[in-house]
Each structure stands twice: as C-alpha cells, then as structure tokens.
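Per my numbering, residue 23 is the first one in the sequence shown, and the count goes up by one each step.
Step one of this worksheet: look at the structure below.
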Amino acid sequence: MSTPLLQLKDRINKNNKINYKSDNGDYTDDITKAISIELDTLYPRNTPVKLTGYKDDEEYPLDTLIIAISLKHLPFIEYMKQSKHLAVGFISALDRKSVIDFLLSKSDKKRYTTNNQDKEKVKRIKLKEIELDDRLSSLRGHKPALFTNLQQSIAQKLQSYNKPSKPVSKPQLKPKNLSPIIILSSSPTSLLTMYNVKPFLSQATFIPSNIAKDMAKDNQQSVDDLITIYRSKPNEQTSKWYIINSVETLNKFGPDAWQRVVCVVTTGQLWQFKLYKWSNPRDLFRNVKGVYLHYSNESINSNIKDWNVSTFAVDKDKRHTDKSLVSNFWRQLDSWIATNKPFLTV
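See below:
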C-alpha cells in the first residue's frame with residue numbers, strides 16, 4: 023500500500039484533482055469546511071506526512087503540503103496570509119521552495135557509483151607520475167635546521183606572559199521585573215490557539231478553537247499575534263503574562279527573549295520547533311516547561327511519549343468550565359518557574 027506522500031506526489035505530478043470532504047461526507051472545494059482529504063485513500067486533513075528522503079524525513083500536515091503547492095506562485099508573505107486565512111499551517115520561508123521542489127520531483131536522482139575500470143586506470147597513472155618541483159619546494163634545503171636558541175627565547179617570553187593574575191569576576195546580571203512568555207503551536211489542529219487561550223487561562227473556560235474563531239468573526243474581531251493575560255495573586259496584586267504563537271513575534275521582545283519563555287504548548291508535531299532556539303524537542307523541554315493538551319476521548323500523539331511534557335485532558339464539549347484543570351496548569355507552571363527562572367515577575 024502506497025504512503026500518503028507517494029499518493030500526494032502522484033496526484034500533483036499528474037495534475038489530478040485532490041478532493042476535500044466535509045463532516046457530512048459531501049465533497050467541497052473549500053478546505054476550511056473539509057475534515058478529510060481524498061487521494062487514493064481518504065485521510066484526515068491533518069494527517070502527518072513524512073517526507074521520506076528529504077532532510078531527516080521531516081513531517082508536515084497533509085493540508086499544509088497541499089496548500090503550499092496550490093499557492094506556490096505567490097510571494098511568501100501573501101502565501102502566509104492565505105494559509106492563515108484558510109486555517110492551515112504554513113511552511114517557513116527557508117524551507118518552502120525546497121519542500122515544493124521535493125513534492126514536484128517525478129523521480130529521484132540516481133546515486134553516482136564509481137566505475138571499477140576507471141579506478142584501476144587512475145591507479146596505474148599515479149604509479150607513473152613524477153613529482154615536479156614548484157616555487158616553494160625548490161627553496162627547501164636538505165640539511166636539518168635547528169632553532170633551539172629561538173625556541174628558548176620564545177619560551178621565556180611566553181612564561182612571562184602566562185604568569186597567573188588575579189581573575190576579575192564579573193557579576194552575571196540577570197534580567198529583573200520581566201513578565202514570562204508562553205508559546206502556543208500555530209497548528210490549526212491545536213486545542214489551544216490565539217482564539218481561545220484567553221478565556222481558558224483567565225476564566226478556566228474551554229471553548230473549541232473553531233467556535234471561538236467563528237465568535238470572533240461574528241463580532242468582527244481580529245486575532246492579535248500577542249495576547250496579554252493578567253493573573254490575580256492572593257495578595258490582590260496581578261502578574262502579567264504574554265501569549266504568542268510564532269518565533270517572529272518572540273523576536274520582537276529582543277535578543278534575550280528566550281530567557282523569558284517558560285512554557286511551550288505542543289501538538290506533538292516536530293515542524294513546530296523548526297525555528298526555535300532548541301529545535302530538538304528533548305533539548306527544548308529541558309529548558310522550558312512542556313505542555314500537551316488533548317481531548318479525553320482521543321489518543322495521545324505518540325511523539326510526546328519520549329518528551330518531558332505534562333499532559334492535560336480536556337472534555338470534548340462545545341463549551342465548559344474546568345477550574346481544577348486550569349489551576350493544575352498554573353500550579354505546575356509556578357513550580358517550574360520557581361526552580362528554573364526565579365528572576366521572572368510572576
């Protein structure tokens with residue numbers, strides 16, 4: 023049975039139509055209404071596709087690859103805007119062209135193999151070679167040159183330079199009064215997005231992202247790339263937290279921004295960490311708190327089993343309040359910050 027990658031490449035290179043299906047089983051031309059994609063087989067739209075033979079066999083969601091091909095003629099900024107409008111993840115500017123070229127290739131290049139007859143010919147030619155003198159080799163003498171006096175003189179000078187001196191200790195300045203940062207995944211399949219994170223963390227109310235997105239459209243509200251949350255403390259003071267979902271926004275905080283990142287919420291997809299300071303998830307979750315949210319009636323992404331992340335199960339209701347879940351989230355985050363980044367203002 024062929025893989026989703028082979029089926030996708032076959033459809034692309036034969037210019038065969040790729041069909042979308044909505045939740046009622048009807049075909050649709052609008053990918054935002056689709057829950058599955060039909061190649062030779064019917065796949066969920068967010069099926070991870072491993073690009074076997076491309077840069078460590080990276081993975082991207084199926085819908086991300088399809089939109090990248092359909093919008094390949096657009097400049098990157100326009101492609102990114104269109105992907106966000108379609109609620110589909112986008113491929114970074116660094117990798118976009120190479121991924122598209124990989125998908126459009128109809129055959130892999132054959133690996134070069136050395137001809138054994140040619141190897142033997144080269145060996146015979148080398149046996150008959152005569153080494154010619156050049157400008158440098160002709161100036162070399164035949165008698166050994168002794169530089170004992172020069173070596174001793176240099177050694178004495180080096181000793182005087184290498185005398186131990188009192189080390190000057192510079193105090194390491196740690197940033198003060200800095201608010202912590204939480205990074206969400208930009209994947210459209212993420213349970214926690216920029217549309218629903220504020221009511222979840224501020225009011226302990228979970229609203230599915232697609233419903234929260236529709237509510238924002240109805241109210242003619244646009245989603246920001248930076249959300250600020252004010253969290254009440256027992257002493258009647260408040261602490262400020264920043265929520266983002268991209269490295270581009272994080273870079274606006276300055277060169278030390280990663281010192282303020284305390285939590286990364288992941289969907290288990292490796293492409294999320296592509297531009298992170300630590301692109302390997304095992305390294306990443308040794309330096310930040312890892313969180314994975316999933317519906318209680320659905321299985322956990324197998325990738326996270328080897329990662330140092332905390333899992334939180336959410337009931338799959340249209341809208342519900344779960345104060346214990348959110349309290350547990352904050353409690354774990356407070357404990358991690360107290361141990362690893364006590365200089366942050368929380």
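By construction, the Cβ of each residue, glycine as well, lies at the ideal position given by its N, Cα and C atoms.
Item to check | Cβ contact (3+ pairs, closer than 8 Å) linking the region 244 to 263 and the region 50 to 58 | outcome: no
Checklist entry - Which residue from CYS285, THR227, SER208 puts its Cα closest to that of ALA109? => result Residue 109 sits at position 87 when you count from the first residue of the sequence shown. Taking only the C-alpha atoms, the option nearest ALA109 is SER208.
Checklist entry - I think VAL310 touches VAL287, with their Cβ atoms under 8 Å apart; what is that distance to the nearest whole Å? => result Your numbering for residue 310 matches position 288 in the sequence shown. Your numbering for residue 287 matches position 265 in the sequence shown. Rounded, the Cβ-Cβ distance is 10 Å, inconsistent with contact.
Checklist entry - Three-state secondary structure (DSSP) at TYR101? => result One-based indexing of the sequence shown puts residue 101 at position 79. TYR101 falls in the helix class under three-state DSSP.
Checklist entry - Since ALA56 is in the alpha helix (DSSP H), which residue starts that stretch and which ends it? => result By one-based count along the sequence shown, residue 56 stands at place 34. First-last for ALA56: 56 to 60, but that is the beta strand (DSSP E), not the alpha helix (DSSP H).
Checklist entry - Are the beta-carbon atoms belonging to SER334 and VAL313 less than 8 Å from one another? => result For the purposes of this step, residue 334 is identified with residue 312 of the sequence shown, where counting begins at 1. For the purposes of this step, residue 313 is identified with residue 291 of the sequence shown, where counting begins at 1. Contrary to the premise, residue 334 reads as Phe rather than Ser in this sequence. Taking 8 Å as the Cβ cut-off, PHE334 and VAL313 qualify as a contacting pair.
Item to check | Sufficient close CB pairs (3 or more, under 8 Å) joining the region 87 to 104 to the region 334 to 349 | outcome: no
Checklist entry - For TRP300 and chain B, any beta-carbon pair shorter than 8 Å? => result The structure shown has no chain B; it contains just one protein chain.
Checklist entry - Between the region 73 to 91 and the region 112 to 124, do three or more beta carbon pairs fall short of 8 Å? => result yes
Item to check | Exposure of SER321, with buried meaning 16 or more beta-carbon neighbours within 10 Å | outcome: Position 299 of the sequence shown, counting from 1, holds the residue named residue 321. SER321 comes out exposed.
Item to check | Cβ-based burial, SER105 [other Cβ within 10 Å; buried from 16] | outcome: As a working note, residue 105 is residue 83 in the sequence shown. With 16 or more other Cβ atoms within 10 Å, it is buried.
Item to check | Same chain, Cβ closer than 8 Å to LYS43, five either side skipped, listed in chain order | outcome: Along the sequence shown, read from residue 1 onward, the residue named residue 43 stands at position 21. If we look at LYS43 and ignore the five residues flanking it on each side, its Cβ neighbours are TYR49, THR50, ALA56, ILE57, SER58, ILE59, GLU60, LEU64.
Next on the checklist: Could you pull the DSSP bridge partners for PHE228 from this structure?
Outcome noted: Counting from 1 along the sequence shown, the entry for residue 228 is found at position 206. Its beta-bridge partners are HIS342.
Checklist entry - By how many angstroms is the C-alpha of ASN35 removed from the C-alpha of PHE228? => result In the sequence shown, residue 228 corresponds to position 206, counting from 1. In the sequence shown, residue 35 corresponds to position 13, counting from 1. Cα-Cα distance, rounded: 43 Å.
Checklist entry - CA-CA distance, ASN68 and THR361? => result Taking the first residue of the sequence shown as 1, we reach residue 68 at position 46. Taking the first residue of the sequence shown as 1, we reach residue 361 at position 339. Between ASN68 and THR361, the C-alpha separation is close to 37 Å.
Next on the checklist: Pop quiz: SER231 and LEU248 are said to be a contact at Cβ under 8 Å. What is the actual Cβ separation, rounded to whole angstroms?
Outcome noted: Taking the sequence shown and counting its residues from 1, the one referred to as residue 231 is at position 209. Taking the sequence shown and counting its residues from 1, the one referred to as residue 248 is at position 226. 18 Å between Cβ atoms; not a contact.
Checklist entry - To the nearest whole angstrom, what separates the beta carbons of PRO70 and GLU81, a pair I think is in contact under 8 Å? => result On the sequence shown, residue 70 is found 48 positions in, with the first residue counted as 1. On the sequence shown, residue 81 is found 59 positions in, with the first residue counted as 1. Confirmed, about 5 Å.
Item to check | Residues near ILE326 in its chain [Cβ-Cβ closer than 6 Å; skip 5 each side] | outcome: Taking the sequence shown and counting its residues from 1, one reaches residue 326 at position 304. GLY290, TYR314.
Checklist entry - Under the DSSP definition of a beta bridge, which residues are partnered with TRP300? => result As a first step, residue 300 must be located in the sequence shown, where it is residue number 278. DSSP output for TRP300 lists no bridge partner at all.
Checklist entry - What are the boundary residues of the beta strand (DSSP E) that LEU64 is part of? => result For this step, residue 64 is matched to residue 42 along the sequence shown. From DSSP, the beta strand (DSSP E) with LEU64 extends over 64 to 66.
Item to check | alpha helix (DSSP H) segment containing LYS119, residue limits | outcome: One-based indexing of the sequence shown puts residue 119 at position 97. Counting along the chain, the alpha helix (DSSP H) containing LYS119 begins and ends at 118 to 126.
Item to check | Distance between VAL284 and TYR217 (C-alpha atoms, nearest Å) | outcome: For this step, residue 217 is matched to residue 195 along the sequence shown. For this step, residue 284 is matched to residue 262 along the sequence shown. Cα-Cα distance, rounded: 21 Å.
Checklist entry - LYS179: buried (16+ other C-beta within 10 angstroms of its C-beta) or exposed? => result Position 157 of the sequence shown, counting from 1, holds the residue named residue 179. Looking at its Cβ environment, which holds fewer than 16 other Cβ atoms inside 10 Å, LYS179 is exposed.
Item to check | Presumed contact (8 Å Cβ cut-off) between LEU223 and ILE205, rounded CB distance | outcome: Locating residue 223 in the sequence shown gives position 201, where the first residue counts as 1. Locating residue 205 in the sequence shown gives position 183, where the first residue counts as 1. Their Cβ separation, rounded to whole angstroms, is 14 Å, which puts LEU223 and ILE205 out of contact at 8 Å.
Next on the checklist: Nearest by alpha-carbon distance to PHE124: which of ILE88, LEU306, PHE98 is it?
Outcome noted: Here the question's residue 124 lines up with position 102 in the sequence shown. Per the Cα distances, ILE88.
Checklist entry - In whole angstroms, what is the alpha-carbon distance linking TRP300 and GLU142? => result Taking the sequence shown and counting its residues from 1, the one referred to as residue 300 is at position 278. Taking the sequence shown and counting its residues from 1, the one referred to as residue 142 is at position 120. Cα-Cα distance, rounded: 48 Å.
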